[in-house]
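Counting with numbering that gives the first Met the number 0, you get residues 0 to 166 for the letters of the sequence shown.
For glycine and all other residues, C-beta sits at the position ideal for the given N, C-alpha and C.
The structure appears right after this line, and notes come after that.
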Amino acid sequence: MLSLWTEETTMTTANENAQARYLRPGRIARALHFDDVVAFLVKRGVNVWGSRVLSVRGRTSGEMRSTPVNLLQFEGACYLIAPRGHTQWVRNLRAAGEGELRVGKTVQRFTAVELDDAAKPPLLRAYLKRWAFETGAFFDGLTHRSTEDELLAAGPKHPAFRITTVS
Numbered sequence: 000m001l002s003l004w005t006e007e008t009t010m011t012t013a014n015e016n017a018q019a020r021y022l023r024p025g026r027i028a029r030a031l032h033f034d035d036v037v038a039f040l041v042k043r044g045v046n047v048w049g050s051r052v053l054s055v056r057g058r059t060s061g062e063m064r065s066t067p068v069n070l071l072q073f074e075g076a077c078y079l080i081a082p083r084g085h086t087q088w089v090r091n092l093r094a095a096g097e098g099e100l101r102v103g104k105t106v107q108r109f110t111a112v113e114l115d116d117a118a119k120p121p122l123l124r125a126y127l128k129r130w131a132f133e134t135g136a137f138f139d140g141l142t143h144r145s146t147e148d149e150l151l152a153a154g155p156k157h158p159a160f161r162i163t164t165v166s
């Protein structure tokens, strides 16, 4: 089932010694255009379970790139978690350090700081509690009830950023 929804690939970049995991959308996900549907709704102001359209400047092209993401609000701060792993938006956000989140006509500019793996378990737990129905398949069987050690072990596969709004 997972292979119809995602295709696992690995990549090595100049900045990473180890291979980074990326779950590319599989045949069904590409055919149904889930990301396109969510982006369409969010751009028109429909807040789909906390979804936003993330726009980040491309690290090579310099052009703005957009994709739907889930904005996690946890203990008074906002976070972006990458359920599919080291995606293009993750790599672009690392390079740019800033971006924009949109819902309808509301635009929120932000700066981003990537978190260490040790900080991720409570965030992954909160993310899975809220969005497991949508993204749980990308977490290799983890749930919000997984142990701290299991969530810590998953940390390197799921980049996370704390975002701070700028005016």
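Counting along the chain, L122 sits inside the alpha helix (DSSP H) bounded by residues P120 to T134. In this structure T164 is in contact with Q107, their Cβ atoms being roughly 6 Å apart against a cut-off of 8 Å. When DSSP reads this structure, T105 sits in a beta bridge with V102. Below 8 Å, enough C-beta pairs join the stretch 151 to 162 and the stretch 104 to 121 to call them touching: three or more. Pairing K156 with R90, the inter-Cα distance amounts to about 13 Å. The beta carbon of D116 lies closer than 6 Å to those of G154 and P155 in the same chain, with the five residues before and after it left out.
From the listed residues E74, G103, R129 and G84, the smallest Cα separation to R51 is found for G103.
Counted as a single uninterrupted DSSP element, the beta strand (DSSP E) harbouring A76 occupies residues A76 to I80.
Residue E97 holds the alpha-carbon nearest to the alpha-carbon of S54 among G140, E97 and G75. Between the stretch 141 to 151 and the stretch 121 to 132, the count of C-beta pairs closer than 8 Å reaches three or more; the two stretches touch. When the beta-carbon positions are compared, K119 and L92 stay at least 8 Å from each other.
A Cβ-Cβ contact shorter than 8 Å links R64 with W88.
With fewer than 16 other Cβ atoms from the protein chains shown falling within 10 Å of its own Cβ, G61 counts as exposed.
By alpha-carbon distance to V68, the top candidate from P158, H85, I80 and D139 is I80.
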